[in-house]
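Just below is one structure, and these are the notes that go with it.
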Amino acid sequence: MKNNSIIDVVDVDFYYGTFQALTDITMNFEKNEVTALIGPSGCGKSTLLRLLNRMNDLIDGSRLVGQVIFEDRNIYAADVDPVEVRRRIGMVFQKPNPFPKSIFDNITYGPKLHGVRKKRDLEDLVEASLRQAVLWEEVKDILNRSAMTLSGGQQQRLCIARALAMKPDVVLMDEPTSALDPISTAKIEELIDELKENYTIIIVTHNMQQAARVSGKTGFFYLGRLIEFNSTEKIFTNPDEKQTEDYITGRFG
Amino acid sequence: MVDRRHTSTHYEKELKELKDGLLYLGGLAENAIKNALQALVERNSELARMVIADDAAIDQLDSENEDRCIRILALRQPAARDLRFIATAIKINGHLERIGDMAVNIAEKVLLLNEEPQLKPYVDIPRMAEITQKMIRQSLDSLIREDVDLADQVRREDENVDNLNEQVFRELLTFMIQDPRTIRTALLIMQIAKNLERISDHAEGIADMVIYLVTGKSVRHNDSLEPKGRMA
C-alpha cells in the first residue's frame with residue numbers, strides 16, 4: 302500500500318442482517334486527494350462511505366468483516382471509541398441538515414461538546430470554519446440569525462463548516478449537492494477543490510460529471526463489489542473494465 | 021461501434037447518425053479522389069469540373085458532422101468510449117474534408133494539364149492513386165469494424181506512397197532538365213503526386229484515430245503500434 306494512504310480498507314465484507322451489502326472490498330484512500338465513489342443505486346457505495354467512520358454502527362444487525370485502517374489502527378478494534386473516529390473523519394449528508402439554532406451555534410455545537418469553552422476560541426473557530434467553507438463573507442453579519450433562514454446552498458456550506466470545525470482529517474460527503482441548484486453545486490465543487498489542500502475528501506455522487514469534475518480517483522461499485530478503482534481521468538476516458546465503461550456511458554441495465 | 025445499447029435511445033440514435041454521416045462523407049471523399057484520377061488518366065475535363073463542383077456537398081456534410089459532434093458534447097457529456105468516439109469523429113471528419121479538398125486540387129491541375137500535350141503515359145501516379153484509394157477505403161473499413169490490425173496495415177502502407185512520390189519527383193526532374201519546355205506540365209504532375217502523398221497522410225491519420233478509438237492509446241506520433249501509454 303502507498304505511503305500517502307490515509308485510510309486502508311482491507312478485505313471488507315459488510316452485512317445488513319443476512320444481506321451482504323459489500324463483498325471483498327480492498328482499497329486505499331490517499332491523503333489530500335478527492336476520491337469519488339460511483340455506481341448505481343444499491344451498489345454499496347454509501348454503505349462503504351458510512352462504514353469509514355462507523356456510521357453504520359447505528360444500524361441494528363449490521364456487521365463488518367475485515368479491517369478499516371486509519372492511521373495504523375483498525376477503527377473497528379474493540380478499544381476504539383467511535384465518537385473519536387467520527388471526530389477525525391467527519392461527514393456531510395445529502396440534504397443540508399443544520400441544527401435549528403443560530404449559525405454561530407451550529408459551528409460551535411460539536412467543539413463545545415468536545416470541551417472548547419473560551420468565547421474567543423469559539424469565535425476564532427467559527428470564523429476559520431466559515432472562511433474555509435467560503436461562507437464567511439455571506440454570513441459574518443448575521444451569525445446570530447437562525448441557520449434555517451439560509452438558502453439550501455448556504456446551509457450545505459454551513460454543514461461543511463460545521464464538519465470542519467471539528468478539525469477532522471477526512472471529510473466524507475454523501476451526495477452533498479444532490480439537493481442543490483447548479484450555482485450552489487458549483488460553489489460546493491469549488492470548495493471541495495480548495496479543501497483538499499488540508500483535508501482528504503471522499504465523496505459519493507450519482508452525478509458522474511461531478512465525480513469527473515472534482516475527484517482525482519474514482520471507484521466504481523456494482524452489486525456490492527469494487528469493480529474498478531483508478532485515476533478519474535482513466536475511468537472517464539479509457540476504463541479498464543467493461544462494466545465501468547457500460548455504466549459511465551449510460552449503457553447499464 | 022456500439023455493441024451494448026444506450027439506456028437513452030435518443031443518444032444511441034445520435035451516435036449512429038454521426039457514424040453514418042462520417043461513413044457517407046468517407047464515401048464522397050473516396051469517390052472524389054477516384055473521379056479526379058480518372059479525369060487525369062483519361063484527360064477528361066468534364067469529369068474534373070464535376071469533382072470541383074461536388075466538393076460543396078463534402079463541405080456541407082463536414083459541417084453537419086461537426087455540428088453533430090458539438091451537440092453531443094454539449095448535451096450528452098460523453099465519457100469513455102463515447103468520448104473517444106466523438107474525439108475520433110471530429111478528427112476523421114477533418115481528414116475526410118481535407119481529402120475532398122485534395123481531390124479538388126488534383127482536378128484543378130487536371131484542367132490545366134489538359135491544355136497541354138501529354139508529357140508521358142502515367143505509370144507511378146496511377147499506382148500511387150491505387151494505394152492511396154485503398155488506404156482510404158481500408159481506414160474507413162477499420163473504423164466500421166474497429167479493426168486495429170487493419171488500421172495498422174494502413175499506417176504501414178503510407179511509406180510506399182512516400183517512396184513513389186519521390187520516384188515521380190526524380191523522374192520529372194529528369195524531364196525538366198532535358199527539356200525546359202516540359203517544366204509547366206511536369207510541375208503540375210508533381211503537385212498531383214504531392215496531393216496524393218498528402219491524401220495518404222490523411223488516411224494514415226484516420227487509421228491512427230481508429231487505434232485511439234479502440235485502444236485509448238495515442239499512436240499519432242509513433243511509428244510502431246506499441247504506443248507510449250500516455251494514460252496508463
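Sequences listed follow chains A and B, in order. So the first sequence is numbered by my numbering: it starts at 302 and just counts up by one. So the second sequence is numbered by my numbering: it starts at 21 and just counts up by one. Ideal Cβ positions, reconstructed from N, Cα and C, are used throughout, including at glycine.
Q: Run through the stretch 155-216 of chain B for me and flag every whole alpha helix (DSSP H) of 4 or more residues, listed as ranges in chain order.
A: The stretch 155-216 of chain B contains these whole alpha helix (DSSP H) runs: 168-198.
Q. Who are the Cβ neighbours of A/P264 in its own chain at under 8 Å, not counting the five residues just before and after it?
A. Coverage of chain A is limited to positions 302 through 554, which leaves residue 264 of chain A absent and any answer about it impossible.
Q) Can A/T506 and A/E476 be called in contact, C-beta distance under 8 Å? A) Numbered from its first residue, the first sequence carries residue 506 of chain A at position 205. Numbered from its first residue, the first sequence carries residue 476 of chain A at position 175. Contact flag set, yes.
Q) Can you tell which of A/L431, A/L527, A/V515 has the C-alpha that lies nearest to the C-alpha of A/I461? A) For the purposes of this step, residue 461 of chain A is taken as the residue at position 160 of the first sequence. Of A/L431, A/L527, A/V515, the residue nearest in Cα terms is A/L431.
(Q) Suppose the cutoff is 6 Å on Cβ atoms and the five residues either side in sequence are ignored; what does the same chain contact list for B/S220 look like? (A) Counting from one through the second sequence, the residue named residue 220 of chain B turns up at place 200. T152, M155, D178, V181.
Q. B/K237 to A/T538, Cα distance in whole Å?
A. Translated into positions along the second sequence, residue 237 of chain B becomes position 217. Translated into positions along the first sequence, residue 538 of chain A becomes position 237. The straight-line gap separating the alpha-carbon atoms of B/K237 and A/T538 is approximately 10 Å.
Q | Cβ shell of B/L4 (< 6 Å), same chain only, five flanking positions each side left out | A | The structure shown has nothing for residue 4 of chain B, since chain B only spans 21 to 252.
(Q) List, in chain order, every chain A residue whose beta-carbon is nearer than 9 Å to that of B/S253. (A) What the structure shows of chain B is the stretch from 21 to 252, and residue 253 of chain B is not part of that stretch, so it cannot be assessed.
Q. With a cut-off of 8 Å, do at least 3 Cβ pairs link the stretch 85-93 of chain B to the stretch 155-169 of chain B?
A. Short answer: they don't touch.
Q: Identify the contact partners of B/R101 in chain A, using a Cβ-Cβ distance below 7 Å as the criterion.
A: Residue numbering aside, residue 101 of chain B sits at position 81 when the second sequence is read from its first letter. What B/R101 touches in chain A: E546, T550.
Q. Name the chain A residues whose beta carbon is nearer than 8 Å to that of B/R104?
A. For this step, residue 104 of chain B is matched to residue 84 along the second sequence. The contacting residues are T538, N539.
**Q.** Among A/I404, A/S452, A/L496, nearest to A/D442 - alpha-carbon criterion
**A.** As a first step, residue 442 of chain A must be located in the first sequence, where it is residue number 141. Of A/I404, A/S452, A/L496, the residue nearest in Cα terms is A/I404.
Q.
Using CA atoms only, rank isn't needed, just tell me which of A/R526, A/L423, A/L459 is closest to A/P401.
A. Numbered from its first residue, the first sequence carries residue 401 of chain A at position 100. Each of A/R526, A/L423, A/L459 was checked against the Cα of A/P401, and the nearest Cα belongs to A/L459.
Q.
At 3 residues or longer, what runs of the beta strand (DSSP E) sit wholly inside the stretch 349-410 of chain A?
A. The qualifying runs are 363-371, 390-393.
Q.
Using a 10 Å radius around the Cβ and a threshold of 16 neighbouring Cβ atoms, would you call B/V188 buried or exposed?
A. Reading the second sequence from its first residue, position 168 is the one you call residue 188 of chain B. Burial call: buried.
Q. Helix, strand or coil: which one does DSSP assign to A/F315?
A. As a working note, residue 315 of chain A is residue 14 in the first sequence. Strand.
Q | Any C-beta of chain B under 8 Å from that of A/Q368 | A | Taking the first sequence and counting its residues from 1, the one referred to as residue 368 of chain A is at position 67. For A/Q368, the answer is no, since every Cβ of chain B falls outside 8 Å of its Cβ.
Q) In terms of alpha-carbon separation, which member of B/R63, B/T29, B/I126 lies closest to B/A52? A) Reading the second sequence from its first residue, position 32 is the one you call residue 52 of chain B. Ranking the options by Cα distance to B/A52, first place goes to B/I126.
Q: Sort out for me which residues DSSP pairs A/F521 with in a bridge.
A: Position 220 of the first sequence, counted from the first residue, corresponds to residue 521 of chain A. A/I339, A/E529.
Q: Could you have a look at B/S28 and say whether DSSP puts it in helix, strand or coil?
A: Counting from 1 along the second sequence, the entry for residue 28 of chain B is found at position 8. Of the three classes helix, strand and coil, the one that applies to B/S28 here is coil, per DSSP.
Q: Run down chain B in chain order and give the residues with a C-beta less than 7 Å from the C-beta of A/Q510.
A: If you number the first sequence from 1, residue 510 of chain A lands on position 209. Going along chain B in sequence order, the residues near A/Q510 (Cβ under 7 Å) are Q97.
Q. Between which two residues does the alpha helix (DSSP H) harbouring B/F105 extend?
A. In the second sequence, counting from the first residue as 1, residue 105 of chain B sits at position 85. Per DSSP, the continuous alpha helix (DSSP H) segment holding B/F105 begins and ends at 100-133.
Q: Identify, in the order they occur along the chain, each residue of the same chain with its Cβ nearer than 6 Å to the Cβ of B/E166, setting aside the five sequence neighbours on each side.
A: Walking along the second sequence from the start, residue 166 of chain B turns up at place 146. If we look at B/E166 and ignore the five residues flanking it on each side, its Cβ neighbours are V234.
Q | When B/D82, B/R201, B/I72 are compared against B/G114, the one with the closest alpha-carbon | A | Residue 114 of chain B sits at position 94 when you count from the first residue of the second sequence. Checked all of B/D82, B/R201, B/I72; the closest Cα to B/G114 is B/D82.
Q | Where B/I226 sits in the DSSP three-state scheme | A | The residue given as residue 226 of chain B occupies position 206 in the second sequence. In this structure, B/I226 counts as helix in the three-state DSSP scheme.
Q. Across which residues does DSSP place A/M474 in a beta bridge pair?
A. Within the first sequence, residue 474 of chain A is the residue found at index 173, counting from 1. In DSSP, A/M474 forms a bridge with A/V393, A/I504.
Q) So A/A322 is in the alpha helix (DSSP H); what residue range does that whole segment cover? A) Here the question's residue 322 of chain A lines up with position 21 in the first sequence. Here A/A322 belongs to no alpha helix (DSSP H); instead the beta strand (DSSP E) covers 320-331.
**Q.** A/V310, DSSP secondary structure in three states
**A.** Translated into the one-based positions of the first sequence, residue 310 of chain A becomes position 9. Looking at A/V310 - three-state DSSP - the assignment turns out to be strand.
Q.
Run through chain A and tell me which residues come within less than 9 Å of B/R25, C-beta to C-beta.
A. Residue mapping note: residue 25 of chain B aligns to position 5 of the second sequence, counting from 1. At a C-beta separation below 9 Å, B/R25 has these neighbours in chain A: R552.
Q) From this set, A/M509, A/R526, A/D482, A/N357, which residue's C-alpha is nearest B/P98's C-alpha? A) Position 78 of the second sequence, counted from the first residue, corresponds to residue 98 of chain B. Of the listed residues, the one whose Cα sits closest to B/P98 is A/M509.
Q. Taking all protein chains shown into account, do 16 or more other C-beta atoms lie within 10 angstroms of the C-beta of B/F105, making it buried, or fewer, making it exposed?
A. Within the second sequence, residue 105 of chain B is the residue found at index 85, counting from 1. Residue burial is scored here from C-beta neighbours: B/F105 has at least 16 other C-beta atoms within 10 angstroms and is therefore classed as buried.
**Q.** Pairwise C-alpha distance: B/L35 and A/L349
**A.** Mapped onto the first sequence, residue 349 of chain A falls at position 48. Mapped onto the second sequence, residue 35 of chain B falls at position 15. Using only the alpha carbons, I get a separation of about 35 Å.
Q: Taking 8 Å as the cut-off, decide whether the C-beta atoms of A/S444 and A/N354 are in contact.
A: Along the first sequence, read from residue 1 onward, the residue named residue 444 of chain A stands at position 143. Along the first sequence, read from residue 1 onward, the residue named residue 354 of chain A stands at position 53. According to the sequence displayed, residue 444 of chain A carries Leu and not Ser. No, Cβ-Cβ distance for A/L444 and A/N354 is not below 8 Å.
Q) chain A beta carbons: is any one of them nearer than 8 Å to that of B/G46? A) The count along the second sequence starts at 1 and reaches residue 46 of chain B at position 26. Not closer than 8 Å to any Cβ of chain A, the Cβ of B/G46 fails to qualify, so no.
Q: Would you mind telling me which residues of chain A sit closer than 7 Å to B/G236, beta carbon to beta carbon, in chain order?
A: Position 216 of the second sequence, counted from the first residue, corresponds to residue 236 of chain B. What B/G236 touches in chain A: T538, N539.
**Q.** Other residues of its chain near A/E498: CB distance less than 8 Å, five sequence neighbours each side excluded
**A.** Working through the first sequence from its first residue, we reach residue 498 of chain A at position 197. Scanning its chain for C-beta atoms nearer than 8 Å, with the 5 sequence neighbours on each side dropped, one finds around A/E498 the residues N333, in chain order.
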